[in-house]
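Sequential numbering of the sequence shown, starting at 1, is according to the numbering used here.
Take a look at the structure set out below.
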Amino acid sequence: TEQTGVPVKVVTAASGQYDTTLTAELDKDAAPTMFQVGNLGAVNSYGEFCYNLEGTDVYNEMTTTDFNLKNEAGETVSIGYCYEAFGIIVNKALLEKAGHSVDEITNFESLKAVADDIHARADELGFDAFTSAGLDGSSAWRFSGHLANMPLYYEFRDDGVTEQPATIKGTYLENYKNIWDLYITDTATTGAALLSATGDQAEAEFGEGKAAFYQNGTWEYSNLTSADKFGMNPDDLTMIPIYCGVEGEEKAGLCCGTENCWAINKNASPEDIQATLDFMYWVVTSEEGTTMLAEQFGPCPFKNAKTPENVFFAAANEYVANGNYTVTWAFNWTPAVDDWRGAVVDALSQYTTGTGDWSTVETAFVQGWATQYANEH
């Protein structure tokens, strides 16, 4: 308001009450001009209220449209203004100690070569390749959710899927197996011990320098680097894509997604719509706005975005800037997500302990999807 002379009123919803609050506010005479529409469910609920943002000044400042949402008519109804990323977190100092560098890892083949070498020399080096791929509930979501995104993303990309499919084919499950086998082989924790291995355990293994690779996300940065937790040197850390042997993956970026998306109320007056567009443009281009975005939200897909202090965010931005494709969050379309993931974890557990074979995982993945989709529809 001080900067632009435009009076701004912000309504904050209580935790978990955003939908209820937004529905009530949109019914009022002085309805909000700007609100969040962060996923396809929200597009279905509020799309009719959303202004088409394509071609606006703020839209033209974007470096990628991967995080934007469209309605059935193909109009851009909300734009992603910040995002999170996950991939394989790397301790560059340990790699160097083992005689390797992060630059030599460009695909699954090279990742496996480095990991195999470190694992073979673990006793001599004093650290292993991967942290424990724990299947305890505190850790398993990394594999039934985030790692499972890899085969889903590539299948949906190939098949041009743009909405939740009733069935999936499992085209890339062999690639899922590639990376899972690497996780459970080139590590100090194997077999049945993985069933009770926790998320905290994996984090500590990485934080204490016992492993060079750790699959997780940008949100791990503060735990790994803060003095009261592990105190790692940010300069030693980076994040690389999850490579699983897909053709062309040398051009992959990190797995990035968001539910943080701005929308504008198309029923507002033309003056209010323009004022809101001006405000959004100011946020993504001005010194104050870009500083606030970098400090409070992390990486932002805009031309004037500042580099966040979080090195994982910086890595995500660098892949985008270099023209690598973003591996988007295909798992957002999982039906009955907790039930589907639970069955995948059970199958991974059987496979990992030798009580089931890989076909058990394929069944949980493919049949499980069809079953859960049918249950929901």
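Yeah, the Cβ is synthetic: ideal placement off N, Cα and C, and Gly gets one too.
Since we're looking at a predicted model, the values are computed, not measured.
8 Å Cβ shell around residue i - same chain, five flanking residues per side excluded
i, result
"residue 341", "140, 141, 144, 145, 148 and 334"
"residue 305", "63, 284, 290, 293, 294, 299 and 317"
"residue 33", "264, 265, 268, 272, 273, 275 and 276"
"residue 76", "52, 53, 54, 59, 65, 68, 69 and 70"
"residue 376", "335 and 336"
Burial state of residue i (16 or more Cβ within 10 Å)
i, result
"residue 296", "exposed"
"residue 44", "exposed"
"residue 180", "buried"
"residue 47", "buried"
"residue 17", "exposed"
"residue 41", "exposed"
"residue 320", "buried"
"residue 28", "exposed"
"residue 307", "exposed"
"residue 249", "buried"
"residue 74", "exposed"
Own chain, CB closer than 6 Å to residue i, minus 5 neighbours either side, in chain order
i, result
"residue 373", "166 and 335"
"residue 347", "360, 361 and 364"
"residue 89", "214, 216 and 239"
"residue 369", "168"
"residue 315", "238 and 239"
"residue 313", "218, 298 and 299"
Cut-off 7 Å between Cβ atoms - residues of its own chain near residue i, not counting five sequence neighbours on either side
i, result
"residue 303", "61 and 63"
"residue 456", "Past the edges of the chain, shown from 1 to 377, lies residue 456, and the structure says nothing about it."
"residue 127", "94, 209, 210, 211 and 212"
"residue 325", "251, 252 and 253"
"residue 112", "182"
Contact belief for residue i with residue j at Cβ below 8 Å, rounded distance in angstroms
i, j, result
"residue 350", "residue 363", "In fact, because the Cβ distance is near 11 Å, the residues do not count as touching under 8 Å."
"residue 170", "residue 366", "4 Å"
"residue 138", "residue 55", "Wrong, their Cβ atoms sit about 45 Å apart, outside the cutoff."
"residue 98", "residue 117", "7 Å"
"residue 194", "residue 135", "5 Å"
"residue 79", "residue 262", "6 Å"
Does the count of Cβ pairs from the stretch 87-106 and the stretch 268-282 closer than 8 Å reach three? no
Evaluate the contact criterion for the stretch 220-228 versus the stretch 118-134: three or more CB pairs, one atom per stretch, below 8 Å. no
Taking 8 Å as the cut-off, does the stretch 248-256 touch the stretch 76-86 (at least 3 CB pairs, one atom from each stretch)? yes
Between the stretch 208-218 and the stretch 88-95, can you find at least three pairs of beta-carbon atoms closer than 8 Å? yes
Stretch-stretch touch, CB-based, cutoff 8 Å, three pairs: the stretch 153-163 with the stretch 326-333: yes
Residue ranges of each beta strand (DSSP E) run of no fewer than 3 residues wholly in the stretch 124-159, ordered along the chain? Along the length of the stretch 124-159, whole beta strand (DSSP E) runs at least 3 residues long occupy 128-130, reported in chain order.
Every unbroken beta strand (DSSP E) within the stretch 228-306, with a cutoff of 3 residues, ordered by chain: Listed in chain order, the beta strand (DSSP E) elements of length 3 or more contained wholly in the stretch 228-306 are 237-240, 252-257 and 261-264.
Suppose only complete runs of 4+ residues qualify. What are the alpha helix (DSSP H) ranges in the stretch 13-58, listed by chain order? With a minimum length of 4 residues, the continuous alpha helix (DSSP H) runs that stay inside the stretch 13-58 are 18-26 and 40-46.
Which ranges does the alpha helix (DSSP H) cover as unbroken runs of at least 4 residues, wholly within the stretch 59-83, from first to last along the chain? Counting only runs of 4 or more, we get nothing.
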